[in-house]
Amino acid sequence: MRYTGLIENYKDRLPVDDSTRLISLGEGNTPLIRLENIPATLGKDVDIYVKYEGLNPTGSFKDRGMTMAVTKAVESGSKAIICASTGNTSASAAAYAARAGIKAFVLIPEGKIALGKLAQAMIHGAVIIQIKGNFDDGMRLVKEVADHAPVSIVNSINPFRLQGQKTASFEIIEELGGAPDYHCLPVGNAGNISAHWMGYKEYFDDGTANTKPIMVGYQAAGAAPFVKGKMVDEPETIATAIRIGHPQSWDLAHTVEQESNGWFDSLTDEEILAAQKLLTEQEGVFCEPASATSLAGAMRDIKSGKIPEGSKIVCTLTGHGLKDPDTAIAQCSDEMININPVMDEVRDAILNNM
Ligand SMILES: *Cc1c(COP(=O)(O)O)cnc(C)c1O
Numbered sequence: 004m005r006y007t008g009l010i011e012n013y014k015d016r017l018p019v020d021d022s023t024r025l026i027s028l029g030e031g032n033t034p035l036i037r038l039e040n041i042p043a044t045l046g047k048d049v050d051i052y053v054k055y056e057g058l059n060p061t062g063s064f065k066d067r068g069m070t071m072a073v074t075k076a077v078e079s080g081s082k083a084i085i086c087a088s089t090g091n092t093s094a095s096a097a098a099y100a101a102r103a104g105i106k107a108f109v110l111i112p113e114g115k116i117a118l119g120k121l122a123q124a125m126i127h128g129a130v131i132i133q134i135k136g137n138f139d140d141g142m143r144l145v146k147e148v149a150d151h152a153p154v155s156i157v158n159s160i161n162p163f164r165l166q167g168q169k170t171a172s173f174e175i176i177e178e179l180g181g182a183p184d185y186h187c188l189p190v191g192n193a194g195n196i197s198a199h200w201m202g203y204k205e206y207f208d209d210g211t212a213n214t215k216p217i218m219v220g221y222q223a224a225g226a227a228p229f230v231k232g233k234m235v236d237e238p239e240t241i242a243t244a245i246r247i248g249h250p251q252s253w254d255l256a257h258t259v260e261q262e263s264n265g266w267f268d269s270l271t272d273e274e275i276l277a278a279q280k281l282l283t284e285q286e287g288v289f290c291e292p293a294s295a296t297s298l299a300g301a302m303r304d305i306k307s308g309k310i311p312e313g314s315k316i317v318c319t320l321t322g323h324g325l326k327d328p329d330t331a332i333a334q335c336s337d338e339m340i341n342i343n344p345v346m347d348e349v350r351d352a353i354l355n356n357m
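Here's what the structure looks like:
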C-alpha cells in the first residue's frame, strides 16, 4: 500500500477523525540505520542505531509535528500560522502552509539560521520576519502577538506538535521488535525528547512494548540550560538548531529525566563537529551539526561505561546535513587539492592519497 504519512498510519493514536482533512507530505517512516563501523572504534560491544529524521520531506523531524499542527490549524478554520524558529521549524511550517493553502509567518534570528533552512522558508513563500535577537526573543514575541492577530502558533508549545512527533518512537519499537535500552537525542526546547517519551510510554502502557528506554538528552555546551539547571540568556553554539537558552518544555523534560532514569549532558562544538564528520566518513550518513550531538554524547557515555556494554542504543539524527552546507564546507576546505588541468597532476593527486 502507498505510504501516505504518519497521521494516516497512526490514525487511531492521534487526535483526528474520518472527516479531518489531512495536510501531509508523506512524512515519517524514516530509516533506522544500524551503525557498522563506529561501534568497533569505541572498543565496546554495543549496538547503535541512528534514526535518520533528516529524510523527512523538509529534511528534519519537525515535519512529524507540523503535519499534525497544520492539520489541526486548518480543521479549526485558521488561515495563518506563526512560529519562532532556529530554522527547521520555519522550513517545515512554510512547506505545510503551502500545501494547505494558508499563510506562514516565521520569526528567525538575524544571521543565525543555516543557509538551507532559510532557502526553504523563502522558496515556499513564508513571510520571513528577521529579528535582531535570538530564538528565545522570537518565541516570547510569538506568544505575545498570537493574542493580537489571527494566527495559530505551530511551535512545540502547540500540543499537536508533540502528538505527531511521538510516532518516531512507534516506528522504532515496530522495527526493533521492542524499545531500545537507551534513546539519545539533541535537546533544544526539549519538545522532541518529551514527545518520544510519550510515544514509548503509550506503547508500553498498552503492551505493544515490554520495556521503556532510558532517555538521554545532550545539549551544546554554550546552550545547556538543562545541564546548568537554569536558563541561559546568551546561548551560543555552531549547532544553530539547538541554540536555545530558555527551553519551552522545561518541566516536561525534567519529568522525562526522572521517569526514565535518564540524564542530560553537554558537548563542546568541537565534539559535535567531530561526531558529525565521523558519521559522514565512517557510515555515509550526513546529518546537520545539532543532530550529531546525540551521537557525540552517546559515544562519550559508551566509552566511559555510563552506557554499559551489551546495550541497544538509538540516536536520533534530527536534521539533514544539507541544511547547513557552510559548516560542512568550512570543516573540510583545507582538504581540497588544487591542480592544473593536466594528467600528471591528477595522477599524483590520486597516488599520493590512496
Ligand atoms: C528542532 C531541532 C532540535 C531540537 O529539538 P527540540 O524539540 O527543540 O529539543 C534538534 N535538532 C534539530 C536539527 C532541530 O531542528
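Start counting at 1 in the sequence shown, then tack on 3, and there's your number in the working numbering.
Even for Gly, the Cβ is constructed at its ideal location relative to N, Cα and C.
Nothing here was measured: the structure is a model prediction, and the numbers come from that model.
Under the three-state reduction of DSSP, which class applies to residue 221: helix, strand or coil? The residue labelled residue 221 in the question sits at position 218 within the sequence shown. In this structure, residue 221 counts as strand in the three-state DSSP scheme.
Whether or not the region 71-89 and the region 33-44 are in contact is what I'm after, with contact meaning three or more pairs of Cβ atoms, one per stretch, closer than 8 Å; do they touch? no
Shortest alpha-carbon distance to residue 234 belongs to which of 112, 243, 244, 222? Here residue 234 refers to the residue found at position 231 of the sequence shown. Checking every option, the nearest Cα to that of residue 234 belongs to 222.
Identify every run of the alpha helix (DSSP H) within the region 257-310, keeping only runs that are complete inside it and at least 4 residues long; order them along the chain. 272-286, 292-307
Is there contact between the region 252-263 and the region 279-293, where contact requires at least three CB pairs shorter than 8 Å? no
Give the range of the beta strand (DSSP E) segment to which residue 175 is assigned. Residue numbering aside, residue 175 sits at position 172 when the sequence shown is read from its first letter. Looking at the DSSP string, residue 175 is not in any beta strand (DSSP E); the run it does join, the alpha helix (DSSP H), is 170-179.
Heavy atom of ligand 1 within 7 Å of residue 189 beta-carbon: Position 186 of the sequence shown holds residue 189. Indeed, a heavy atom of ligand 1 lies less than 7 Å from the Cβ.
Measuring alpha carbon to alpha carbon, tell me which of 340, 220, 72 ends up nearest residue 195. Along the sequence shown, read from residue 1 onward, the residue named residue 195 stands at position 192. When only C-alpha atoms are compared, the closest one is 220.
Taking residue 358 and residue 103 to be in contact with their CB atoms under 8 Å, please state how far apart those CB atoms are, rounded to whole angstroms. Absent from the model: residue 358. The displayed extent of the chain is 4 to 357, so no value can be given.
For the beta strand (DSSP E) containing residue 84, name the first residue and the last one. Taking the sequence shown and counting its residues from 1, the one referred to as residue 84 is at position 81. First-last of the beta strand (DSSP E) with residue 84: 83-87.
Candidates 205, 289, 87: closest to residue 276 by CA position: Here the question's residue 276 lines up with position 273 in the sequence shown. Selected option, being the one with the closest Cα: 289.
Counted within 10 angstroms of its Cβ, other Cβ atoms place residue 152 as buried (16 or more) or exposed: Your numbering for residue 152 matches position 149 in the sequence shown. So residue 152 ends up on the exposed side.
Please state if the CB of residue 202 and the CB of residue 163 are separated by a distance shorter than 8 Å. Here the question's residue 163 lines up with position 160 in the sequence shown. Here the question's residue 202 lines up with position 199 in the sequence shown. For residue 163 and residue 202, no; Cβs fall outside 8 Å.
Please state if the CB of residue 244 and the CB of residue 54 are separated by a distance shorter than 8 Å. Within the sequence shown, residue 54 is the residue found at index 51, counting from 1. Within the sequence shown, residue 244 is the residue found at index 241, counting from 1. The answer is no: Cβ separation not under 8 Å.
Look up residue 119 in the DSSP assignment and say whether it is helix, strand or coil. Position 116 of the sequence shown, counted from the start, is the residue given in the question as residue 119. Helix, per DSSP.
Quick check: is any heavy atom of ligand 1 less than 7 Å from the C-beta of residue 2? Examination of residue 2 is not possible in this model, given that the chain is present from 4 through 357 alone.
Comparing alpha-carbon positions, which option in 9, 322, 14 lies nearest residue 91? Reading the sequence shown from its first residue, position 88 is the one you call residue 91. Among 9, 322, 14, the Cα nearest to that of residue 91 is on 322.
At what residue ranges does the region 28-60 contain a whole run of the beta strand (DSSP E), taking only runs of 3 or more? 35-37, 50-55
Count the other CB atoms within 10 Å of the CB of residue 311; is the residue buried (16 or more) or exposed (fewer)? Stepping through the sequence shown from its first residue, residue 311 is reached at position 308. So residue 311 ends up on the exposed side.
Whole angstroms are fine: how far does the CA of residue 135 sit from the CA of residue 273? Locating residue 273 in the sequence shown gives position 270, where the first residue counts as 1. Locating residue 135 in the sequence shown gives position 132, where the first residue counts as 1. Near 27 Å, if we compare the C-alpha coordinates of residue 135 and residue 273.
heavy atom of ligand 1 below 7 Å from residue 116 C-beta: As a working note, residue 116 is residue 113 in the sequence shown. No; taking the cut-off as 7 Å, the Cβ of residue 116 has no heavy atom of ligand 1 nearer than that.
According to the neighbour-count rule (16 or more other Cβ atoms, all chains shown, within 10 Å of its Cβ), is residue 353 buried or exposed? Residue numbering aside, residue 353 sits at position 350 when the sequence shown is read from its first letter. The residue is exposed, with fewer than 16 neighbouring Cβ atoms inside 10 Å.
Contact defined as beta carbons within less than 8 Å: I believe residue 184 pairs with residue 316. What is the distance between those atoms, to the nearest angstrom? Position 181 of the sequence shown holds residue 184. Position 313 of the sequence shown holds residue 316. Right, the Cβ-Cβ distance comes to about 7 Å (below 8 Å), so this counts as a contact.
Residues bridged to residue 2 by DSSP? The displayed coordinates of the chain run from 4 to 357. Any statement about residue 2 would go beyond what the structure contains.
From 43, 143, 227, pick the residue whose C-alpha is nearest to that of residue 305; which is it? For the purposes of this step, residue 305 is taken as residue 302 along the sequence shown, with counting starting at 1. The candidate whose alpha carbon is nearest that of residue 305 is 43.
So, is residue 250 buried or exposed, given that buried needs 16 or more other C-beta atoms within 10 angstroms? By 1-based counting over the sequence shown, the position of residue 250 is 247. So residue 250 counts as buried.
Closest to residue 69 by C-alpha separation, out of 47, 336, 143, 98, would be which residue? Taking the first residue of the sequence shown as 1, we reach residue 69 at position 66. The shortest C-alpha separation from residue 69 is found at 98.
Does the beta carbon of residue 321 fall short of 7 Å from some heavy atom of ligand 1? By 1-based counting over the sequence shown, the position of residue 321 is 318. Yes, Cβ of residue 321 sits closer than 7 Å to a heavy atom of ligand 1.
Taking a contact to mean a Cβ-Cβ separation below 8 Å, would you say residue 118 touches residue 329 in this structure? Against the sequence shown, residue 118 aligns to sequence position 115. Against the sequence shown, residue 329 aligns to sequence position 326. Yes, they are a contact pair.
Check: residue 275 C-beta below 7 Å from any heavy atom of ligand 1: Taking the first residue of the sequence shown as 1, we reach residue 275 at position 272. It does not: the Cβ of residue 275 is nowhere closer than 7 Å to a heavy atom of ligand 1.
Can you tell me which of 241, 105, 229 puts its alpha carbon nearest to the alpha carbon of residue 327? As a first step, residue 327 is located in the sequence shown; it is residue number 324 there, counting from the start. It is 241.
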